[in-house]
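As structure tokens, the structure follows; a few thoughts come after it.
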Amino acid sequence: MKPKVAIIDLNMGNLFSIKQACAHVGLETFITSDAQEIKMADAVILPGVGAFGNAMEHLKEKDLIKTIHEVIAQGKPFFGICLGMQMLMSESEEFGRHKGLDIIPGRVIRFPSRGAKENVIKVPQVGWNQVYLADQFKLNPERSCWSDLANGEYMYFVHSYYVIPQNSNVVALETVYEDVKYCSGLVKNNIFATQFHPEKSADKGIKIYQNWAKLVEKSLIKSILLR
Amino acid sequence: MADGQSFKQIMKNIRIIPRLDIKGPNLVKGIHLEGLRVLGKPEQYAKYYYETGADELIYMDIVASLYGRNSLLNIIEKTAREIFIPLTVGGGLRTIADINNVLRAGADKVAINTAAIRNPAFIKEAANRFGSSTILISIEAIKQSDGLYYAFTDNGREYTGKEVVAWAKEAASFGAGEILLTCVDNEGAGFGYDSNLVRQVSEAVNIPVIACGGAGKPEDLAKVIGEGKADAVCLSSMLHYDYIEHHKVEGDFSAEGNIEFLKSREIFKKIKSTDLKTIKTFLFDAGICCRHELSANLMRAI
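Okay, structure coming up:
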């Protein structure tokens, strides 16, 4: 039995590569913004590029906020990517203040435009940067989909904002951009989220999809056994 | 790496981006964006660049804005199926619907020139809809007799009257995510980038600037990163020639325009064919960081 993964369509940006990355590791996906279809899925991906406020607005319009809370509460593997990670937080300061999904307490803030030595920091951060496994996850890298990946692997980032979770024990991956050390990946129960785009991070990024696919398969087997 | 300056330089990873100019179904290359010669199928070159360490790819449909054609979707889709690095697509994208179409086909970012020059508010509209980081502003710069650089459209043919540095600032203020800066006088010529121009623009805006046009040898890249303060570097001929040296170009291109190059295989002497791995190793030795095993090891050690 093959798990079916819903990719939530916020009607912005490229979902094709996420679909292709999933296909590459044997995950069957469908792109949808329909609440019923999302509830039927075995696992859910929340991608996102663009503005925080717009994306939350879109979730509201499609009545998906409750749906996302539900699938997460059911324990289904949930993967947030980039804006999809940021939206899990309580609120963002992007273009004013916006409420997020409030699933992981914390804030989303912008990179400063100047560093400690008055150096100009170019925002957005666009490009490859190294990702380090947080100490607290070093003993079980599979929980943060980091199995078979080296500490300090390069991943592809495009973002102006980053998350500060209230509770630091969800911080699974860390990255340094200019003067800022920030959380580039988080794990909480069945939630896994990355600030970078694994589907844009060449073979190492595909490895992350492969590792996540393993979690999805495990979860599906567990849910069948419990039925 | 004791002093702060070189440490900083190491911290920031410079992106090396092959640029593939596309005409219809083919990869082409010109000099100063003119005199296009057919080189083969873009998706085959793209795959080779992906496998040898390209950080991103740019596809530029360089006749689309002249003939209003946009036959890229098919190539984008083929590419996005097997290539998992960011893909920027430019050329003839005039409307929100045009942008949406290429993103849906598998592009991650778009490069806009003419539509932004005609109506800078279009940048804002596109950035609001797709996110700033999706919208690159492509500037084709040519130095005029007054010593200033001006932005052109249609492969450097149409004068717009916009001074490049002011235009870059304006584009950034409207929400552009990056500037793709092509120096038309240097493009395809192989005598190096225009570091002076790149530096002017890079220091004027707080968004990344991609330098494009002129790479003939690895030293040219190091120079535009060091002196020009480029955040990313675009190159074509050096890599295309390397591909051709190592591959048999398949297919019949006899009906597809200027194929003199494919027949003769005579490469332009100013340009040293080099692969991406060699370039990245050279840059590392010059103290410049990019996605490369040597850089990774060094950073782990710090």
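Chains as they are written, first to last, in the working numbering: chain A, 1 to 227; chain B, 1001 to 1302.
Built from N, CA and C at the ideal position, the CB exists for glycine as well.
From a predicted model like this one, the values you see are computed outputs, not experimental measurements.
Exercise for review: Let me know the beta strand (DSSP E) ranges lying completely inside the region 1012 to 1083 of chain B, each 3 residues or longer, listed in chain order.
Suggested key: Runs of the beta strand (DSSP E) spanning 3 or more residues and lying entirely within the region 1012 to 1083 of chain B occur at 1015 to 1023, 1026 to 1031, 1034 to 1040 and 1057 to 1061, in chain order.
Ile-1142/B (DSSP reduced to helix, strand or coil) | By one-based count along the second sequence, residue 1142/B stands at place 142. Residue state, collapsed to three classes: strand.
Given a limit of 8 Å on CB to CB distance, which residues of the region 1090 to 1117 of chain B reach chain A? Under the 8 Å Cβ criterion, the region 1090 to 1117 of chain B contributes Leu-1103, Arg-1104, Ala-1105, Gly-1106, Ala-1107 and Asp-1108.
* Is the distance from the Cβ of Ala-1176/B to the Cβ of Ile-1123/B below 8 Å? -> In the second sequence, counting from the first residue as 1, residue 1176/B sits at position 176. In the second sequence, counting from the first residue as 1, residue 1123/B sits at position 123. Closer than 8 Å, so yes.
Checking 8 Å against the spacing of the C-beta atoms, do Tyr-161/A and Gln-86/A come in under that value? Here the question's residue 161/A lines up with position 161 in the first sequence. Here the question's residue 86/A lines up with position 86 in the first sequence. The answer is yes: Cβ separation under 8 Å.
Spatially closest choice to Ala-1166/B from Glu-1178/B, Leu-1180/B, Ala-1151/B and Glu-1158/B, by CA coordinates:
As a first step, residue 1166/B must be located in the second sequence, where it is residue number 166. Ala-1166/B has its Cα closest to that of Ala-1151/B, out of Glu-1178/B, Leu-1180/B, Ala-1151/B and Glu-1158/B.
**Request:** Please report the residue range of the beta strand (DSSP E) in which Cys-1289/B lies.
**Result:** Translated into positions along the second sequence, residue 1289/B becomes position 289. Run containing Cys-1289/B: none; DSSP gives neither H nor E here.
Contacting residues, own chain, Cβ-Cβ under 8 Å from Glu-1056/B (five flanking each side not counted):
Mapped onto the second sequence, residue 1056/B falls at position 56. Excluding its 5 nearest sequence neighbours in each direction, Glu-1056/B has C-beta neighbours in its own chain below 8 Å: Arg-1015, Ile-1017, Ile-1085, Pro-1086, Leu-1087, Thr-1088 and Ala-1232, listed in chain order.
Using 8 Å for Cβ pairs, my map puts Gly-50/A next to Met-12/A. What's the rounded Cβ distance? In the first sequence, the residue the question calls residue 50/A occupies position 50. In the first sequence, the residue the question calls residue 12/A occupies position 12. Taking a contact as a CB-CB distance under 8 Å, the pair Gly-50/A and Met-12/A counts as one, their CB atoms being some 4 Å apart.
Worksheet item: Ends of the beta strand (DSSP E) at Val-1211/B?
Response: Taking the second sequence and counting its residues from 1, one reaches residue 1211/B at position 211. According to the sequence as given, residue 1211/B is Ala; it is not Val. Unbroken beta strand (DSSP E) run through Ala-1211/B: 1209 to 1212.
Taking the beta strand (DSSP E) that Asn-1186/B belongs to, which residues open and close that run? Numbered from its first residue, the second sequence carries residue 1186/B at position 186. First-last for Asn-1186/B: undefined, no H or E at that position.
Taking only the alpha-carbon atoms, compute the straight-line gap between Ser-168/A and Ser-1133/B and give it to the nearest angstrom. Counted from its first residue, the first sequence places residue 168/A at position 168. Counted from its first residue, the second sequence places residue 1133/B at position 133. Rounded to the nearest whole angstrom, the CA to CA distance from Ser-168/A to Ser-1133/B is 28 Å.
Identify every run of the alpha helix (DSSP H) within the region 36 to 114 of chain A, keeping only runs that are complete inside it and at least 4 residues long; order them along the chain. Within the region 36 to 114 of chain A, the complete alpha helix (DSSP H) runs of at least 4 residues are 52 to 61, 65 to 73 and 83 to 86.
Exercise. Count the other CB atoms, across all protein chains shown, that sit within 10 Å of the CB of Asp-63/A; report buried if there are 16 or more and exposed otherwise.
Key: What you label residue 63/A is simply residue 63 of the first sequence in a count that begins at 1. Exposed is the call here.
Take Glu-28/A as the anchor and find which of Leu-186/A, Ala-41/A and Ala-35/A has the nearest alpha-carbon.
-> Within the first sequence, residue 28/A is the residue found at index 28, counting from 1. The shortest C-alpha separation from Glu-28/A is found at Ala-41/A.
Alpha-carbon to alpha-carbon, His-1292/B and Phe-1282/B: Residue numbering aside, residue 1282/B sits at position 282 when the second sequence is read from its first letter. Residue numbering aside, residue 1292/B sits at position 292 when the second sequence is read from its first letter. In this structure, the straight-line span from the alpha carbon of Phe-1282/B to that of His-1292/B is close to 11 Å.
| said: Taking beta-carbon pairs under 8 Å, can you tell me which members of the region 128 to 157 of chain A lie near chain B? | reply: From the region 128 to 157 of chain A, only Trp-128, Asn-129, Gln-130, Ala-150, Asn-151, Gly-152, Glu-153, Tyr-154 and Tyr-156 have a Cβ closer than 8 Å to chain B.
What is the DSSP secondary structure of Ile-1259/B, reduced to helix, strand or coil?
Stepping through the second sequence from its first residue, residue 1259/B is reached at position 259. In the structure shown, Ile-1259/B adopts coil according to DSSP, grouped into three states.
Exposed or buried, what is Val-1028/B when buried is set at 16 or more other beta-carbons lying within 10 Å of its beta-carbon? One-based indexing of the second sequence puts residue 1028/B at position 28. Within 10 angstroms of the beta-carbon of Val-1028/B lie 16 or more other beta-carbons, which makes it buried.
key: Cβ neighbours of Lys-1280/B in the same chain (closer than 7 Å, five flanking residues each side left out)   = Taking the second sequence and counting its residues from 1, the one referred to as residue 1280/B is at position 280. Closer than 7 Å at the Cβ level, and outside the excluded window around Lys-1280/B, lie Ile-1016, Gly-1053, Cys-1290 and His-1292.
- Message: Pairs of beta-carbons, one from the region 187 to 199 of chain A and one from the region 133 to 150 of chain A, closer than 8 Å: are there three or more?
- Response: Contact between the region 187 to 199 of chain A and the region 133 to 150 of chain A is present, because at least three Cβ pairs lie under 8 Å.
*asked:* Considering Cα atoms alone, identify which of Pro-1120/B, Ile-1083/B and Ala-1080/B is closest to Arg-1094/B.
replied: If you number the second sequence from 1, residue 1094/B lands on position 94. Among Pro-1120/B, Ile-1083/B and Ala-1080/B, the Cα nearest to that of Arg-1094/B belongs to Pro-1120/B.
query = Considering only residues of the same chain and omitting the five flanking positions on each side of Gly-152/A, which have a CB-CB separation below 8 Å?
reply = On the first sequence, residue 152/A is found 152 positions in, with the first residue counted as 1. In chain order, Gln-130, Val-131 and Tyr-132 place their CB closer than 8 Å to the CB of Gly-152/A, counting only its own chain and leaving out the 5 sequence neighbours on each side.
- Message: Relative to the C-alpha of Lys-1041/B, which candidate in Ile-1083/B, Phe-1284/B, Phe-1253/B and Asp-1285/B has its C-alpha closest?
- Response: As a working note, residue 1041/B is residue 41 in the second sequence. Ranked by Cα distance from Lys-1041/B, the options Ile-1083/B, Phe-1284/B, Phe-1253/B and Asp-1285/B are led by Phe-1253/B.
Buried versus exposed call for Glu-57/A [16 or more other C-beta atoms within 10 Å across all chains shown]: Counting from 1 along the first sequence, the entry for residue 57/A is found at position 57. When all chains shown are included, Glu-57/A counts as exposed.
Checklist entry - Which first and last residues belong to the alpha helix (DSSP H) in which Cys-183/A is found? => result Taking the first sequence and counting its residues from 1, the one referred to as residue 183/A is at position 183. For Cys-183/A, no alpha helix (DSSP H) encloses it; the enclosing beta strand (DSSP E) starts and ends at 180 to 188.
I'd like to check one pair, Lys-1217/B with Lys-1277/B: are the Cβ atoms closer than 8 Å? Looking up residue 1277/B in the second sequence gives position 277. Looking up residue 1217/B in the second sequence gives position 217. Result no, Cβ atoms of Lys-1277/B and Lys-1217/B do not sit closer than 8 Å.
- Item | Assumed close pair Ile-1309/B, Ala-1189/B - CB separation to whole angstroms, cut-off 8 Å | No answer is possible for residue 1309/B: it lies beyond the span of chain B, which begins at 1001 and ends at 1302.
Identify, in the order they occur along the chain, each residue of the same chain with its Cβ nearer than 6 Å to the Cβ of Ile-1302/B, setting aside the five sequence neighbours on each side.
Locating residue 1302/B in the second sequence gives position 302, counting from the first residue. The answer is none, since no qualifying residue turns up.
### Query
Skipping 5 residues on each side, what residues in its chain have a beta carbon closer than 7 Å to that of Tyr-1159/B?
Within the second sequence, residue 1159/B is the residue found at index 159, counting from 1. Cβ neighbours of Tyr-1159/B beyond the five flanking positions: Tyr-1150 and Phe-1152.
Q | Interface partners of Ser-113/A on chain B, CB under 7 Å | A | Taking the first residue of the first sequence as 1, we reach residue 113/A at position 113. Under the 7 Å cutoff, chain B gives Asn-1206.
* How big is the Cα-Cα spacing for Arg-1104/B and Ile-1135/B? -> Locating residue 1104/B in the second sequence gives position 104, where the first residue counts as 1. Locating residue 1135/B in the second sequence gives position 135, where the first residue counts as 1. Taking the CA atoms as reference points, Arg-1104/B sits about 15 Å from Ile-1135/B.
- Query: Rounded to the nearest angstrom, how far is the Cβ of Tyr-209/A from that of His-69/A, given a contact under 8 Å?
  - Reply: Taking the first sequence and counting its residues from 1, the one referred to as residue 209/A is at position 209. Taking the first sequence and counting its residues from 1, the one referred to as residue 69/A is at position 69. Not quite, the Cβ-Cβ distance comes to about 25 Å (not below 8 Å), so this is no contact.
**Message:** Here's the rule: buried if 16 or more other CB atoms are within 10 angstroms of the residue's CB, otherwise exposed. What is Gly-1147/B?
**Reply:** Within the second sequence, residue 1147/B is the residue found at index 147, counting from 1. By the 10 Å Cβ count, Gly-1147/B comes out exposed.
message = Three Cβ pairs or more, each shorter than 8 Å: is that satisfied between the region 197 to 204 of chain A and the region 219 to 227 of chain A?
response = As far as the Cβ criterion goes, the region 197 to 204 of chain A does not touch the region 219 to 227 of chain A, which means the pair count is below three.
*asked:* With a threshold of 8 Å between beta carbons, is Glu-1227/B in contact with chain E?
replied: No chain E is part of this structure, whose protein chains are labelled A and B.
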